[in-house]
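To start, the structure itself, in structure tokens.
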Amino acid sequence: VLGFAIQPETSEALRRLSPTLTRVAAERIYGEWLKLLCGQDAVRIVDEYADVLRVFLPEITQLNNTELIGKVSGTSHARICALFYCANVPTSVAEHILRRLHVDFQTIRRVIMLLDSRSHAVTNDADLLRLLNRLGEDVIFDHLMLAEADRSIFDRVQQLLDNNTCYKISMLAIDGNDIIETGIPAGPDVGKRLLDLLDAVIEGFCSNNREDLLKYLNKMKILLTGGAGFIGSHTLIELTEAGHEAVVVD
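With the working numbering as the guide, the letters of the sequence shown map in order to residues 39 to 288.
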């Protein structure tokens, strides 16, 4: 944990007695493992004692690029996720491991979010904002470190945050009550409209101010069934003239 060297006799005893770890409570195993994993000498410990690690983590069959463990922040979820990255552990297996070790829900949730986002491509601001929406401000930088992203990506995320750029529903300039006031009944559809508006703001189709959001809301797509019939075709004309975009299903 503190970077001290382990004496050869201690190291030998550690390996010789490692099978007895199976008799230790899962919570104690997790606590001590986490101290090592979040310590300053984590990479060396993982490399030198991978065989001991496999006593309670048999799913770790191979380890590559363990330097990544030392590059991420010292938080528990980041270090655990880095180890799983190095071992190429699937998300489902990682969740099983963490539950077996009785890891707390918050850590499990963050590790799973990071693992699920490992292949998330980032090519523009919209991608970054969606990633922020998915991971939150507390975890996105861990993701970027795990992905070994370019420094410019880190800087751009920080700039978006500093500019208070909208990336979640609570940051929209309107809320559910505003949606209801337009005539949409309270219920699941209100949430769907808010998600649609957030998507429009993230993609740059609409600015995040109340007036523009309400205008965009009135022009959102409307599903029109029977649009090829007499009544449907006339309804389609009226909707189009009113500025709505209708999707016709006959």
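Just so you know, even glycine gets a beta-carbon here, dropped at the ideal spot from N, CA and C.
Please report the residue range of the alpha helix (DSSP H) in which Thr113 lies. Neither: Thr113 is in no alpha helix (DSSP H) and is coded neither H nor E.
Keeping to the same chain, check which residues put their C-beta closer than 7 Å to that of Leu173; ignore five residues upstream and five downstream. Met151, Ser155 and His181
Report the residue from Lys253, Leu139, Cys204 and Pro223 whose alpha carbon sits nearest the alpha carbon of Ile240. Cys204
With three or more beta-carbon pairs closer than 8 Å as the criterion, would you say the segment 229–249 touches the segment 160–172? yes
Own chain, CB closer than 8 Å to Ile146, minus 5 neighbours either side, in chain order: Glu133, Leu136 and Arg137
Assuming Glu97 is part of the alpha helix (DSSP H), what are its boundary residues? Per DSSP, Glu97 belongs to no alpha helix (DSSP H) and is neither H nor E.
From Arg231 to Asn202, what does the alpha carbon distance come to, in whole angstroms? 22 Å
If contact is defined by three or more beta carbon pairs under 8 Å, each pair taking one atom from either stretch, is the segment 183–194 in contact with the segment 214–230? no
State the start and end residues of the unbroken alpha helix (DSSP H) segment that holds Gly69. Ala64 to Leu75
Is the segment 113–122 touching the segment 192–199, taking contact as three or more C-beta pairs under 8 Å? no
Grouping DSSP H, G and I as helix and E and B as strand, with all else coil, what is Val160? coil
Quick check: what's the CA-CA separation for Ser208 versus Ser114? 28 Å
Check Asn246 in the structure and name its three-state DSSP category. coil
Since Arg248 contacts Ala211 with CB under 8 Å, what's their CB separation in whole angstroms? 5 Å
Integer Cβ distance of Ile118 from Leu75, believed to fall under 8 Å: 7 Å
CB Leu252 to CB Leu235, shorter than 7 Å? no
Looking at C-alpha atoms only, which residue of Arg82, Val93, Gly112 and Ser111 is the closest neighbour of Asn102? Arg82
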